[in-house]
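This report concerns only the one structure given below.
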Amino acid sequence: MKAIALGVIVLALGGGSARSPRIASCPVFPPDNPWNQRVDKLPVASNSTAIIDSIGADTGLHPDFGSGLWDGAPIGIPITVVGAGVPRSRVSFDYADESDPGPYPIPANVKLEGGSDRHALILDSSTCKLYELYSLQRAGTGWHAGSGAIWSLRSNRVRPAGWTSADAAGLPILPGLVRWSDIAQGHIDHAVRFTVERTRHAYIYPARHYASDLTGANLPPMGTRVRLRADYPIAGFPPQARIVLAALKTYGMIVADNGTSWYITGEPSSHWSNDDLHTLGRVPGSAFEVVNTASLRPHSK
10 MKAIALGVIV LALGGGSARS PRIASCPVFP PDNPWNQRVD KLPVASNSTA
60 IIDSIGADTG LHPDFGSGLW DGAPIGIPIT VVGAGVPRSR VSFDYADESD
110 PGPYPIPANV KLEGGSDRHA LILDSSTCKL YELYSLQRAG TGWHAGSGAI
160 WSLRSNRVRP AGWTSADAAG LPILPGLVRW SDIAQGHIDH AVRFTVERTR
210 HAYIYPARHY ASDLTGANLP PMGTRVRLRA DYPIAGFPPQ ARIVLAALKT
260 YGMIVADNGT SWYITGEPSS HWSNDDLHTL GRVPGSAFEV VNTASLRPHS
310 K
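Okay, so the sequence shown: first residue is 10 according to my numbering, each after it adds one.
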C-alpha cells in the first residue's frame with residue numbers, strides 16, 4: 010500500500026490546486042486566506058539576511074513529525090475529527106481573557122500532542138469549525154487548558170489584536186501542519202508552521218500576539234514568512250521530503266511559536282518515512298529568505 014502511495018507522489022509532484030485544502034469535507038480556510046496564498050512572487054524583505062542569521066543560517070531544517078512513537082507519544086500534532094453528536098464541554102483557562110469560552114466538543118478519546126504542550130486540535134465536520142486548545146488536561150469532571158481558540162474554517166477572521174490562541178502567535182495550528190493527506194495527493198497547497206528560538210516583541214499579519222521581550226530589529230516577529238530560495242536544488246531529495254521542499258518554495262512557512270529553530274510541524278502518520286523526512290536536515294537556514302508580506306491580505310472576511 011505504501012509503495013502505491015509513493016508512486017502517486019512521484020507522478021503528481023509539482024501539481025497544485027486553486028481550491029482550499031480540505032479535511033473531512035471542510036475547507037481549511039478560504040482560498041485567499043494567508044495560509045493558502047502563494048508567496049513565490051513576493052519581494053524579499055530588506056533585512057532578510059540579518060533575520061535568517063538570527064534564526065540560524067547554518068542550522069538545518071527539522072521535521073517535528075513522523076511515524077512511530079517518541080517517548081510513548083505519536084510524533085507530531087494529531088487532529089481529532091468529530092461530528093454533531095459529540096457533547097460540548099466547558100473548559101477553564103489560564104489565559105481566560107484571551108481565550109474563546111466555548112463550549113468545546115471534546116470526545117473522551119481526544120488526541121493530544123505528546124510532551125508538555127499537549128495541543129488538542131478538534132475539527133467539527135458538521136459545522137466546519139476548528140477548536141484548538143493548548144495544554145489540555147482533565148480537571149475533575151471537566152477540562153482545563155492554558156488557552157483556547159475557535160475558528161470558522163469558512164472565514165478569514167483573525168483573533169482580536171493582542172490575543173493569543175492555542176499558539177503563541179495567535180494563529181491557528183491546523184492549517185500549517187504538514188499532513189499525510191497533502192503528501193498522498195502529491196503536493197502541499199498551504200504554508201507550513203515552524204518555530205524559532207528567539208522572536209521579537211512584535212507580530213505581523215496574520216499573527217496577532219507576541220511572546221518575547223526582545224527588541225532586536227533583526228529578530229523575527231511572530232508571523233514572519235520565509236520561503237526556500239527558488240534556486241535551491243531539491244531534485245535529489247526522496248519523494249516525501251521533496252514535496253515538503255516544493256511547498257516551502259511556493260507557500261513558505263510562518264513563525265508561529267518560540268521553540269527550537271527551523272522545526273517544522275506536521276501531523277503524525279504511520280505512512281511517513283522517517284528516513285525520507287530526516288533528509289530535510291540537509292537544508293540549511295541560509296537556503297531561505299524572508300518574504301515581504303505587506304501586500305498579503307485576503308479579499309474576504
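Cβ atoms here follow ideal geometry from the backbone N, Cα and C, with glycine treated the same way.
In this text the structure is predicted, and so the values were computed from the model without any measurement.
Measuring alpha carbon to alpha carbon, tell me which residue in the options is nearest residue i.
i, options, result
"Ala193", "Pro40, Ser282 and Phe297", "Ser282"
"Cys35", "Asp41, Ser161 and Trp152", "Ser161"
"Ile86", "Ala303, Thr274 and Asn301", "Thr274"
"Leu130", "Ser55, Gly149, Ala154 and Gly232", "Ala154"
"Thr136", "Asp109, Ser164, Gly149 and Gly124", "Ser164"
"Arg207", "Met231, Trp189, Ser190 and His196", "Met231"
"His287", "Gly69, Leu51, Asp49 and Tyr212", "Gly69"
"Lys120", "Pro242, Glu276, Val167 and Leu257", "Glu276"
"Ser278", "Pro114, Gln249, His308 and Ala303", "Gln249"
"Leu78", "Glu122, Arg251, Pro52 and Asp285", "Glu122"
"Ser76", "Arg291, Trp189 and Thr233", "Trp189"
"Tyr214", "Asn301, Leu254, Asp191 and Ile182", "Asn301"
"Ala303", "Arg31, Asn267, Ala33 and Pro52", "Pro52"
"Ser134", "Ser55, Ile32 and Ala178", "Ile32"
"Ala256", "Asp285, Ser156, Val264 and Ile243", "Ile243"
"Tyr104", "Leu142, Gly225, Leu254 and Lys138", "Leu142"
"Ile263", "Tyr212, Thr173, Ser108 and Lys50", "Tyr212"
Can you give me the Cβ contacts of residue i inside the same chain, cut-off strictly under 6 Å, excluding the 5 residues immediately before and after it?
i, result
"Ile64", "Val205, Ser270 and Gly294"
"Ile60", "Asn227, Pro229 and Val299"
"Ser101", "His153"
"Arg97", "Pro112 and Pro114"
"Asp266", "Asp176, Ala177 and Thr204"
In terms of residues, what are the limits of the alpha helix (DSSP H) holding residue i?
i, result
"Pro72", "Taken as a continuous stretch (DSSP letters only), Pro72 belongs to no alpha helix (DSSP H), being part of the beta strand (DSSP E) at His71 to Asp73."
"Leu286", "Asn283 to His287"
"Leu257", "Pro248 to Thr259"
"Asp62", "Ser57 to Ile64"
Here's the rule: buried if 16 or more other CB atoms are within 10 angstroms of the residue's CB, otherwise exposed. What is residue i?
i, result
"Gln46", "buried"
"Asn42", "buried"
"Leu186", "buried"
"Asp176", "buried"
"Asp73", "buried"
"Leu223", "exposed"
"Lys258", "buried"
"Gly195", "buried"
"His308", "exposed"
"Pro110", "exposed"
"Ala93", "exposed"
"Arg202", "buried"
"Arg238", "exposed"
"Asp80", "exposed"
"Asp284", "exposed"
When you compare only the Cα positions, how much space is there between residue i and residue j?
i, j, result
"Phe297", "Leu289", "13 Å"
"Asp62", "Pro112", "43 Å"
"Tyr140", "Val95", "13 Å"
"Ala220", "Asp106", "16 Å"
"His218", "Val90", "27 Å"
"Asn118", "Pro83", "14 Å"
"Gly24", "Arg147", "Its pLDDT being 35, under 50, Gly24 is placed unreliably by the model, and the measurement read from it follows with that caveat. Computed Cα separation, rounded: 43 Å."
"His199", "Ala66", "24 Å"
"Ala170", "Ile252", "34 Å"
"Tyr241", "Ser57", "16 Å"
"Val167", "Arg99", "23 Å"
"His280", "Ser125", "25 Å"
"Leu183", "Asp191", "13 Å"
"Val292", "Arg306", "29 Å"
"Leu132", "Ser55", "38 Å"
"Ala178", "Gly268", "12 Å"
"Thr150", "Phe246", "49 Å"
"Ile197", "Ala216", "21 Å"
With respect to the beta strand (DSSP E) encompassing residue i, which residues constitute its N-terminal and C-terminal limits?
i, result
"Ala193", "From DSSP, Ala193 is part of no beta strand (DSSP E) but of the alpha helix (DSSP H) over Trp189 to Gln194."
"Ser156", "Ser156 to Ser161"
"Lys138", "Lys138 to Tyr143"
"Thr233", "It is not in any beta strand (DSSP E) - Thr233 carries neither H nor E in the DSSP assignment."
"Val292", "Element bounds for Val292: n/a, residue is neither H nor E."
"Leu51", "Where Leu51 is concerned, there is no enclosing beta strand (DSSP E), given that its DSSP letter is neither H nor E."
Among the residues of its own chain, which have a CB less than 7 Å from the CB of residue i, if the five just before and after it don't count?
i, result
"Ser29", "Pro36, Val37, Phe38, Pro39, Pro40 and Asn45"
"Leu145", "Leu121, Arg127, Ala129, Trp152 and Ala154"
"Gly261", "Val48, Ala200, Arg234, Val235, Arg236 and Val300"
"Pro116", "Thr89, Val91 and Val95"
"Thr173", "Tyr104, Glu107, Ser156, Gly179 and His218"
"Lys310", "Ser164, Asn165 and Arg166"
For chain C, find out if any of its Cβ atoms is closer than 8 Å to the Cβ of residue i; answer yes or no.
i, result
"Ser63", "Structure shown: chain C not included; a single protein chain is present."
Can you name, in chain order, every residue of its own chain whose Cβ lies under 8 Å from the Cβ of residue i, other than the five neighbours on each side?
i, result
"Lys138", "Leu132, Ile159, Trp160, Ser161 and Leu162"
"His71", "Thr269, Trp271, Tyr272, Ile273, Leu289 and Gly290"
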